[in-house]
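The opening residue of the sequence shown carries number 394 in the working numbering; numbering runs sequentially from there.
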Amino acid sequence: MVGAAASNQTGAAVGAHAFDAIGPSGVVAVRQFVAAAVLLPVARPDPRRFTWAQWWPTILLGVVFVTMNLGLYTAIDRIGLGLAVTLEFLGPLAVALAGSRSRLDLLCAAGAGAGVYVLVLPSGSSDWTGIGCGVLAACCWASYILLNRLLGRRLPGLQAPAAATSVAAVLTLPVVVTLIVQGRMTGAALLYAVAAGILASVIPYAADLVALRRVPARYFGVVMSVHPVFAALAGLILLGQVLALHEWLGILVVVAVNVAAVRDNAGRE
């Protein structure tokens, strides 16, 4: 689980090296094609047999894949990896807290808000577009969790993510074609983007699948909390993004809130 988190954030940092050449949208597009190329031969979904009840959440999940990654990578480009991933992490935290009325969960929600405020320290010079993209990615991550739960009951095995990544690849095909026509899809940019797809999609997905067969879901949720920390470290080591003290403090508050929320919810199940 720790290795999957490290691979995911390393992949995001590697993909950022291609931003100058093909932009966040180009990296997102290549990442969808890499994920589809790996998942389709494994899952072998047959779209001709899909019912509408299976198709509509699959199409929505494909749209979520594109929007989530585009929001995240745009946020990384504008506000840095550590801040972007921490904002995105509010998505699964919101799902964990949704519908709860316990005192601890209400405190966790307030703590998450305080952590984000300390992390961002809003001012006139804040990059609100980048922050907004991070929040958009968070909303998409929450949608991703809910759609996966629904599709897990309607499609067997890995057919849902395989079909959804195919939808995402089709949606981003115009981006790839445009970049090729403009001559911007250089060998180096393509290499960085493909590496991002492998490190941030293929390896984490396979590792998480193995981990979830061996450990309880509550421990998986707790370990997911290392993502913002690893993102900050990957940004520092691979991109030279040095965080201020208040940003580290905000990240740690959000991580602590997630751990408390996941453990409390697991204890009531």
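Every residue, glycine too, gets a C-beta built ideally from N, C-alpha and C. Everything numeric in this text was worked out from a predicted model, so none of it was measured.
Taking all protein chains shown into account, do 16 or more other C-beta atoms lie within 10 angstroms of the C-beta of residue i, making it buried, or fewer, making it exposed?
i	result
Ala627	buried
Pro567	exposed
Ala624	buried
Thr579	exposed
Pro450	buried
Val691	The shown model of the chain, from 394 to 662, leaves out residue 691, and the question about it has no answer.
Ala549	The sequence shown places Pro at residue 549, rather than the Ala named in the question. It is exposed - the Cβ of Pro549 has fewer than 16 other Cβ atoms within 10 Å.
Gly581	The sequence given here places Ala at residue 581; Gly does not occur at that position. Flag for Ala581 reads exposed.
Val574	exposed
Gly545	exposed
Val608	exposed
Val517	For clarity, residue 517 is Gly in the given sequence; the question names Val instead. By the neighbour-count rule (16 or more Cβ atoms within 10 Å), Gly517 is not buried but exposed.
Ser400	buried
Ser559	buried
Of all the options the options, which has the alpha carbon lying nearest to the alpha carbon of residue i?
i	options	result
Ala553	Leu631, Gly464, Leu454	Leu454
Leu512	Gln402, Leu566, Pro621	Pro621
Leu486	Ala530, Val395, Asp601, Gly580	Ala530
Ala429	Asp601, Ala406, Ala561	Ala561
Ala637	Gly475, Leu551, Val574	Gly475
Gly419	Ala406, Val619, Leu583, Leu499	Leu583
Leu572	Ala409, Val407, Pro417, Val395	Pro417
Leu483	Arg471, Thr467, Ala503, Asp470	Ala503
Val648	Ile452, Met617, Arg424, Met461	Met617
Gly523	Gly545, Ile630, Thr479, Leu499	Thr479
Cys526	Thr460, Gly550, Val595	Thr460
Phe412	Ala589, Gly545, Arg547, Val595	Ala589
Leu433	Leu497, Leu551, Ala507	Leu551
Ala535	Val574, Val457, Ser400, Met394	Val457
Ala409	Ile644, Ala507, Asp470, Leu499	Asp470
Measure the beta-carbon distance from residue i to residue j and round it to whole angstroms, keeping in mind my assumption that it falls under 8 Å.
i	j	result
Ala593	Arg424	7 Å
Leu631	Val407	7 Å
Ala397	Ala604	7 Å
Ala664	Arg547	The first residue shown for the chain is 394 and the last is 662, placing residue 664 beyond what the model contains.
Ile538	Val615	About 16 Å separates the two Cβ atoms, so there is no contact after all.
Looking only at its own chain, which residues have a Cβ that is under 8 Å from the Cβ of residue i, when we skip the five neighbours before and after it?
i	result
Leu465	Ala405, Ala477, Val478, Glu481, Cys526, Gly527, Ala530
Val595	Val427, Ala428, Val431
Phe613	Met394, Asp601, Ala604, Leu605
Leu543	Pro450
Cys532	Gly484
Asp520	Arg471, Ile472
Spatial neighbours of residue i within its chain, please: CB distance less than 7 Å, with the 5 preceding and 5 following residues excluded, ordered by chain position.
i	result
Leu514	His639
Val587	Val423, Val427
Val646	Gly504, Ala507, Gly508, Val511
Leu463	Pro417, Ser418, Val421
Val619	Val395, Ala398
Ile452	Val560
Thr565	Val421, Ala422, Gln425, Val459
Val652	Val615, Ser618
Leu540	Pro450, Leu453, Leu454, Val457
Pro597	Ala397, Ser400, Asn401
Looking only at its own chain, which residues have a Cβ that is under 6 Å from the Cβ of residue i, when we skip the five neighbours before and after it?
i	result
Thr666	Within the shown structure, residues of the chain are numbered from 394 to 662, placing residue 666 beyond reach of any answer.
Thr403	Leu592, Ala627
Legend entry - contact_flag[the stretch 493 to 505, the stretch 434 to 448] where n(CB pairs < 8 Å) is 3 or more: Contact annotation: the stretch 493 to 505 does not touch the stretch 434 to 448, with fewer than three C-beta pairs closer than 8 Å.
Inset, instruction - Tell me, please, whether the stretch 548 to 563 touches the stretch 427 to 437 by the rule of three or more beta-carbon pairs shorter than 8 Å. - result: yes
Inset, instruction - Check whether the stretch 629 to 647 touches the stretch 463 to 483, counting contact only when three or more Cβ pairs, one atom from each stretch, lie closer than 8 Å. - result: yes
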